[in-house]
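The structure appears right after this line, and notes come after that.
As structure tokens, then:
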């Protein structure tokens, strides 16, 4: 297991190295650049040239990359030119990552909390109303674009009913102590329960919207996996042995059906990150998704580089954890 | 029911109860701090204003973006400012101004007893310290990406590499500052109303290392002053920027020189998406926002919001680049393009209520405007005739238009482009459309004179003709590439001469003549429209005076109920 983990981490380093080269070259081959964002529509061709020279953007891409690497090894990943000019890309990432993680975790929790039990129940009562409703609901979850669902939820529950906030991470001007950057956690750590509740309240609608696709996928995979396992000989044998329904369900059915479900949850990390770009935009959440969208709009190279590379690292890590979890769920994998 | 089932049921019930209690607690707590919660109605309370983006920084000298200036205007004041609701110059920290006969020496009597937010005195020494600070910039501080407005208006710095408009500043006495210029310009002292030239506390500037801007990687890093310690004399003082939550908080400055702010706190909340800003207003989370989409104006009015339409102080034009298409150096061809456009229909169909067809390159509130210019009514036949006379009956142009942008003068570039394209094609011009994202190649191509035709515009910084036509056509290698025409250099010289004229009436006459020539003899672009941008606030907000320069001040604003 240790060798396997080390091998996967080495692969991760290779992925990051290759990605950084490709990303660097690709971003700089896009039309436009940070000069437009820095100077706006009031610049002349001459001031553009001056700025490009001052920032070294007139140099060949490989020279720029070598300079970038030289700085990166000292922990300097560049400075934002658009998302928050003057801030280091690293500080922007560190500041915004908790917002996205809070959102993704809550969305995933909602998806898993609803998707697994409903998928299981739908499989056990195949063809029943719950099964039919669940299948239909999961189809809608996959088919409706996240941003559209986000708009609908927001319009209904925030604008019309006023039950939940329309945007932001916390009410403007709230007296809240920042500790970790995870607002809900910070509120709990500092016992500022109103701040924690306020942050949680701001997360509900975005997390619901973001959970739609993972919920649909988890539901369908759980349902399919449970149906497969229910048809297995060892389940019939277990019933024949007279084991209780609870034991069969826990020890044989759910445990064996969980492998594809856990794999799916890992793969959903990517979907959550891409969904966060749209969800954060709709709900004005200051997360990395919004930084990514704004970074593209403003050609903020430094922010784009760090966010995309970090997203790749997170994706690979989560899937590594998923692989490692197989061993816990299925003893056969340990051998 | 087995014991284990009972236990699980109890656990689930407890969990649901905890969740319900927490959510209701959240709901209650959330309401407590909502934007717009008022103190005692007319005085007190917090106003939360939706901002479209984050300010670049809080030191206005290094800024040129609207979001920085919106915040800066509440924290800082200049020697001069704009009269509320107009683009007219008025006193601010100076009680007035006068110039010597040669127009080179300007005397500013100052208000007495004014304090910066850090408690230090505002006086003539502080004025000169500010000007010396701006003039003595070195390294990255001289880069136009940072000191854009200084470079654009004053030119060079103390190192003398480029000539500078600024010569010196002297404190004649604590209440009188004297500024000397190296040449005469009609835009002085109006340019001092720009937020970039606001007065900042010399003590705070020094204490927080304000000049320490550095080029780093692909961008610039800013010192602590610009991020955490902006210190001015304005009605609000800076409290903090919560980047993680996207909010900037200001508080009333109790030592303000005049009537102190009615609001206790002013919060700018960053909501990049325009629809999200509207919904936040409708939900009562913010109390106002700028530049609502014209398509939403009526809905907002119907919903009871106070939508205020500003006087237009901008221009949208059809840019013509003479560099790549030789046909465009012929005046008849450029006039044909002007005749081809149905600007009346364009203004009524693609621009907001209150937009006007532009007769020239700036609105009628700017000195030198004249009705007596050649006009180009919609006349496709005349356009065809001119093209034929010029030997260009089959003119083909690359027409650039931007995506991913909305500007006060150009709310929906696609619909504007579509209308103009139809007009041009109806006059026999073949249009090759080229669309690019605003920051993704459009500005780059336009500024480097790669387009034949393009859509662009300008919102005035202050009330001076030079801020419009001097900026557009002063240089011959600009996006219009007027050096391709024999009059290009002459136009630059004429603009310089008008700007350098000491006598105001003579100067205005020179600009009127320039406007006549621009429209009849040069026509380097085709002015299209002046559009009024709007600002919207809830009905609880009183005292907001819309500014044509989008320079609203929140000091006199109050919020009730």
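Protein chains in written order, with the working numbering: chain A, 21 to 355; chain B, 461 to 1021. All C-beta atoms in this analysis are idealised placements derived from N, C-alpha and C, irrespective of residue type, glycine included.
Cβ shell of residue i (< 6 Å), same chain only, five flanking positions each side left out
i: residue 861 of chain B; result: 873, 877, 895 and 915
i: residue 995 of chain B; result: 750, 768 and 1006
i: residue 335 of chain A; result: 289 and 290
i: residue 572 of chain B; result: 635
i: residue 216 of chain A; result: 204, 207 and 208
Neighbour-count burial assignment, residue i, 16 or more Cβ in a 10 Å radius
i: residue 53 of chain A; result: buried
i: residue 743 of chain B; result: buried
i: residue 979 of chain B; result: buried
i: residue 905 of chain B; result: buried
i: residue 211 of chain A; result: exposed
i: residue 320 of chain A; result: buried
i: residue 502 of chain B; result: exposed
i: residue 90 of chain A; result: exposed
i: residue 787 of chain B; result: buried
i: residue 267 of chain A; result: exposed
i: residue 1015 of chain B; result: buried
i: residue 600 of chain B; result: buried
i: residue 706 of chain B; result: buried
i: residue 697 of chain B; result: buried
i: residue 496 of chain B; result: For residue 496 of chain B, the pLDDT reaches just 41, beneath the cut-off of 50, and the residue's location in the model is therefore unreliable, leaving the point undetermined.
i: residue 602 of chain B; result: buried
i: residue 106 of chain A; result: buried
i: residue 633 of chain B; result: exposed
i: residue 29 of chain A; result: exposed
i: residue 802 of chain B; result: buried
i: residue 893 of chain B; result: exposed
Opposing strand residues paired with residue i [DSSP bridges]
i: residue 989 of chain B; result: B:776 and B:817
i: residue 995 of chain B; result: B:750 and B:768
i: residue 628 of chain B; result: B:640
i: residue 568 of chain B; result: B:637
i: residue 676 of chain B; result: B:679
i: residue 647 of chain B; result: Beta-bridge pairing links residue 647 of chain B to no other residue.
i: residue 918 of chain B; result: B:775
i: residue 697 of chain B; result: B:711
i: residue 1019 of chain B; result: B:1001
i: residue 862 of chain B; result: B:896
i: residue 575 of chain B; result: B:581
i: residue 615 of chain B; result: B:624
i: residue 867 of chain B; result: B:870
i: residue 558 of chain B; result: B:567
i: residue 728 of chain B; result: B:509 and B:708
Residues near residue i in its chain [Cβ-Cβ closer than 7 Å; skip 5 each side]
i: residue 993 of chain B; result: 751, 770, 868 and 1010
i: residue 944 of chain B; result: 782, 783 and 789
i: residue 151 of chain A; result: 142 and 145
i: residue 921 of chain B; result: 654 and 927
i: residue 982 of chain B; result: 947 and 951
Interface residues of chain A facing residue i [CB-CB closer than 7 Å]
i: residue 742 of chain B; result: 179
i: residue 729 of chain B; result: 188 and 192
i: residue 900 of chain B; result: 50, 51, 52 and 319
Residues near residue i in its chain [Cβ-Cβ closer than 8 Å; skip 5 each side]
i: residue 282 of chain A; result: 342, 345, 346 and 349
i: residue 586 of chain B; result: 576, 580, 659, 661 and 662
i: residue 854 of chain B; result: 888 and 890
i: residue 249 of chain A; result: 255, 272, 273, 276 and 277
i: residue 251 of chain A; result: none
Proximal residues of chain B, C-beta to C-beta of residue i below 9 Å
i: residue 96 of chain A; result: 676 and 677
Within chain A, partners of residue i - CB distance below 8 Å
i: residue 896 of chain B; result: 51 and 52
Beta-carbon neighbours of residue i, restricted to chain A and to distances below 9 Å
i: residue 999 of chain B; result: Going along chain A, no residue has its Cβ under 9 Å from residue 999 of chain B, so there is no contact; the nearest lies around 17 Å.
8 Å Cβ cutoff, residue i in contact with chain D
i: residue 190 of chain A; result: Absent from the structure: chain D. Protein chains present are A and B.
Contact set between residue i and chain B, taken where Cβ atoms lie within less than 8 Å
i: residue 99 of chain A; result: 676, 677, 678, 679, 680 and 681
i: residue 65 of chain A; result: 907, 908, 909, 937, 938 and 939
Residue i: CB within 7 Å of a non-hydrogen atom of the ligand GTP
i: residue 296 of chain A; result: What this structure holds is no ligand at all, so the ligand GTP is not there to describe.
- Message: I'd like to know if the segment 47 to 61 of chain A and the segment 893 to 911 of chain B are in contact, where contact means that at least 3 CB-CB pairs between them fall below 8 Å.
- Response: yes
Quick check: the segment 113 to 123 of chain A against the segment 268 to 281 of chain A, are at least 3 beta-carbon pairs closer than 8 Å?
no
Say whether the segment 234 to 241 of chain A touches the segment 128 to 138 of chain A, bearing in mind that this needs 3 or more beta-carbon pairs closer than 8 Å, one atom from each stretch. With a cut-off of 8 Å, the segment 128 to 138 of chain A and the segment 234 to 241 of chain A count as touching, because enough Cβ pairs lie within range.
Flag this pair as touching only if the segment 714 to 729 of chain B and the segment 958 to 974 of chain B have three or more C-beta atom pairs under 8 Å; answer yes or no.
no
### Message
Between the segment 602 to 617 of chain B and the segment 528 to 535 of chain B, can you find at least three pairs of beta-carbon atoms closer than 8 Å?
### Response
no
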